[in-house]
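Worksheet: one structure, shown below.
Numbering (this note's numbering), first residue to last: 2 to 86.
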């Protein structure tokens, strides 16, 4: 990882442990990744009547019962194919 990202993860981890609340470093890092995925989805499908193709080729997104990552997808996409049930 880039040094700035590693430092931020360590800072968040220490702050979350000290305060007993907030985002720990790993959660902060993953939320940034999920935000980037959602932004990419939004660029492919911009409005209700638009169409596009996006392939999320990773079991964290598509496995039935896997809520680890699927819960961060937009609701309209989760409902579309029942992802995250």
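Note that CB positions come from ideal geometry on N, CA and C, so glycine has one too.
Which class does residue 47 belong to by DSSP, given the choice of helix, strand or coil? Against the chain shown, residue 47 aligns to sequence position 46. In the structure shown, residue 47 sits in coil (DSSP, three-state: anything other than H, G, I, E or B).
Please classify residue 72: does DSSP put it in a helix, a strand, or coil? Start at 1 with the first residue of the chain shown, and residue 72 comes out as number 71. Correct three-state label for residue 72: coil.
Going by beta carbon distance, what residues of the same chain come within less than 7 Å of residue 53, once the five residues before and after it are set aside? Within the chain shown, the letter at position 52 stands for residue 53. Closer than 7 Å at Cβ, skipping near neighbours: 45, 46.
Counting C-beta neighbours from all protein chains within 10 Å, is the total for residue 26 16 or more, i.e. buried, or is it exposed? To locate residue 26, count along the chain shown from 1; it is residue 25. So residue 26 ends up on the buried side.
Between which two residues does the alpha helix (DSSP H) containing residue 57 stretch? Mapped onto the chain shown, residue 57 falls at position 56. Looking at the DSSP string, residue 57 is not in any alpha helix (DSSP H), and its letter there is neither H nor E.
Have a look at 36, 48, 50, 41 and flag the residue whose alpha-carbon is nearest the alpha-carbon of residue 73. To locate residue 73, count along the chain shown from 1; it is residue 72. Taking only the C-alpha atoms, the option nearest residue 73 is 36.
Specify the secondary structure class of residue 42 as computed by DSSP and reduced to three states. Your numbering for residue 42 matches position 41 in the chain shown. Helix.
Cα-Cα separation, residue 87 to residue 48: Nothing about residue 87 can be read from this structure; the chain reaches only from 2 to 86.
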